[in-house]
Structures are given as structure tokens and as C-alpha cells.
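What follows is a short report on a single structure.
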Amino acid sequence: MIVADTNLIVHLLLTGERTHIAQLILMKDSDWAAPLLWRSEFCNVLTNYLKRELLDLHHIKGRMFEAINFMVDREFESNFNTVLELTNKSTCTAYDCEFVSLAYELGCPLVTIDGQIREQFPEIALSPERYLET
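Numbering (this note's numbering), first residue to last: -12 to 121.
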């Protein structure tokens, strides 16, 4: 099992230059988890696609539906006591620490593109490339 940051979910479900890496991670471990926050972050990414006219509203709604179906039974409530403790000992946002907290809770790596998270929590946060090497 891995905790996937929202960017990894985006790269898996919205075709782009990092889609192949996300697919390799899925082949290595198909058991992905994320805090419920991923939905809002994913929706925000889709909103940016809409505003930049990269996808229309119909396709955006379809992608959101597809993402929610992919993550069904893989979403978790955040332990906000832990989130606040992690924000207190780092410079990461509470949003970032929701992913870190879940990784600690589940005892699995957080696969993230975010360099700040990896720098502040190197014992649990790995880049996609590093995860594929393990």
C-alpha cells in the first residue's frame, strides 16, 4: 500500500508527461490511499484545466467521476491531532500534512512529487522515481 499525493492521482488519470511513471507505480502497488482532501485538490486541478480550456465541462465532470470511482474505498478521514503536530514540527501546510499523517497511520510510504514534503519527512515520503527503485 502507498499513500498517493493528489499530483500522482492527477498524473495517473489525466494523460501527460508523468502518466507513465504513475502507471508504473500502479503496476508495482495497486493499493493506493489518500485523505479525503484529495477530492478538493483534484477538483481544483480540473478547474484549472477548464479555465485554460484544455478540457470542457462535460469532460471535467467525467474525469472527476472516474477519479472518485478509482479512489472508492481508498479514502480516509484525517487525524487532525496528528496533522497539527506535524505542522508544528515542519514548514509544510496542513494540507500536505494530511497526506503525511495518513502515511504514518497506515505504515506505508507517501509517494509525492512535492520536494518540501520529501525534505521534511524523508523517512516516509518518497519521489515517484525513488519509490520505483525500492
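Even for Gly, the Cβ is constructed at its ideal location relative to N, Cα and C. If you're wondering where the values come from, they're calculated on a predicted model, not measured in any experiment.
Nearest-angstrom beta carbon gap, residue j and residue i [assumed within contact, 8 Å]
i, j, result
"L97", "V87", "6 Å"
"H(-2)", "I(-11)", "Not confirmed; about 14 Å, so no contact."
"L119", "L11", "6 Å"
"L44", "Y36", "The Cβ separation is near 10 Å, so there is no contact."
beta-carbon residue i near the ligand MN non-hydrogen atom, thresh 7 Å
i, result
"S88", "Absent from the structure shown: the ligand MN. Ligands present: none."
Bridge-paired residues (DSSP) for residue i
i, result
"F63", "P22"
"A112", "L97"
"V70", "In DSSP, V70 forms no bridge with anything."
"A(-9)", "V98"
Member of the options whose CA lies at the smallest distance from the CA of residue i
i, options, result
"F29", "L44, E4, L0", "L0"
"Q103", "Y82, G3, I55, L44", "Y82"
"N56", "R26, N31, E64", "R26"
"E92", "S114, L33, N68", "N68"
"G122", "R39, T34, E62", "Because the chain in this structure spans residues -12 to 121, residue 122 falls outside the shown range and cannot be described."
"A21", "T2, L(-5), F63, T121", "F63"
"C95", "E4, D18, T6, M14", "D18"
"E106", "C79, A90, V32", "C79"
Per-residue burial, residue i [other beta carbons within 10 Å of its own, 16 or more giving buried]
i, result
"N75", "exposed"
"M58", "buried"
"D101", "buried"
"M(-7)", "In the sequence under discussion, the amino acid at residue -7 is Thr, which differs from the Met named in the question. Result: buried."
"F108", "buried"
"E187", "What is shown of the chain runs -12 to 121, which leaves residue 187 out entirely."
"L23", "exposed"
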